[in-house]
Amino acid sequence: MVNLLKGGDSVFYPFHGTGTIESKEYMRDKEYFKIFFPYKKLHVFIPSQSENQNGLRPIISSEQLELVKLDFYENGVPLPSSVSERSKVLDNKMKSGTTLEISQILRDLLHFHTSEGRLSQSDKKIFKNAEEFLIEEIQVIKDISYDQASVDVKNLVKNRFKIDVPAFK
């Protein structure tokens, strides 16, 4: 996949979200992708050789997005009741960087929220990050505004859980 990515490609990188490869640059005999993340207003240099290990990936296709949406309707995976164990599980899903696992974070936390009634501060933070990353990727996939993609995610949640997306603070 290293050779497939080039300047101008839209990519996803865990903990930063969607961005655009601006260029490939060489520093200290290594090749790096210079990526701009517009929502964070941030440039990051990511080694191209460790692409598979660091979660950097191309944006998924619209067909793959439909499979992610179908999975959202599946039964959620019960999350541990311990905050630290739950955080570990959720952090590992976030680090994977896959759209499927990011949507599963939303699904499983919403299931936990509706069944257990409360989320920890770290749960709320990872929920908001996962929600933002999913919105960003849908925006790029569908070539729509951030607000339109946000409505898509809100509708997905409302149809699945019969609730509005919680506004966690």
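For the record, in the sequence shown the residue sitting at position 49 is 32 according to our numbering, with numbers rising by one throughout. Think of the CB as a built atom: it goes at the ideal place given N, C-alpha and C, for glycine as much as any other residue.
* Within its chain, find whatever has a CB closer than 6 angstroms to the CB of Val148; leave out the 5 residues flanking it on each side and keep chain order. => Excluding sequence neighbours, Val148 sits near Lys137 and Val140.
* To do: Report yes if the CB atom of Leu48 is closer than 8 angstroms to the CB atom of Ile121, and no otherwise.
  => yes
* To do: May I ask you to list the residues that DSSP assigns as paired with Val27?
  => Ile18
* Determine the burial state of Asp130: buried for a count of at least 16 other Cβ atoms within 10 Å of its Cβ, exposed for fewer. => It counts as exposed.
* 6 angstroms CB neighbourhood of His96 in its chain, flanking five on each side removed -> By the criterion of a C-beta distance shorter than 6 angstroms, His96 is surrounded in its chain by Leu102, once the five residues flanking it on both sides are discounted.
* To do: Under 8 angstroms by Cβ, that's how I've got Phe19 and Thr3 pegged, so tell me the actual separation to the nearest angstrom.
  => Sure, about 5 angstroms apart at Cβ, within 8 angstroms.
* Asked: Of all Cβ atoms in chain D, is any one closer than 8 angstroms to the Cβ of Lys107?
  -> Absence of chain D from the displayed structure is noted, only one protein chain being present.
* Asked: Would a C-beta distance cut-off of 8 angstroms place Gly80 and Phe(-5) closer than the cut-off?
  -> yes
* **Cβ neighbours of Tyr9 in the same chain (closer than 6 angstroms, five flanking residues each side left out)** => none
* Considering only C-alpha positions, which residue in the set Val66, Pro63 and Lys111 is nearest to Ile85? -> Lys111
* Asked: Do you know whose CA, among Pro63, Gln87 and Glu115, lies nearest Leu53's CA?
  -> Gln87
* Could you tell me the distance, in whole angstroms, from the CA atom of Arg69 to the CA atom of Lys13? => 37 angstroms
* Taking the Cβ atom as the reference point for each residue, do Phe55 and Arg11 lie within a distance shorter than 8 angstroms? -> no
* **C-alpha distance - Ile42 paired with Lys24, whole-angstrom precision** => 19 angstroms
* Asked: In angstroms, rounded to a whole number, what distance separates the CA positions of Arg143 and Ser98?
  -> 14 angstroms
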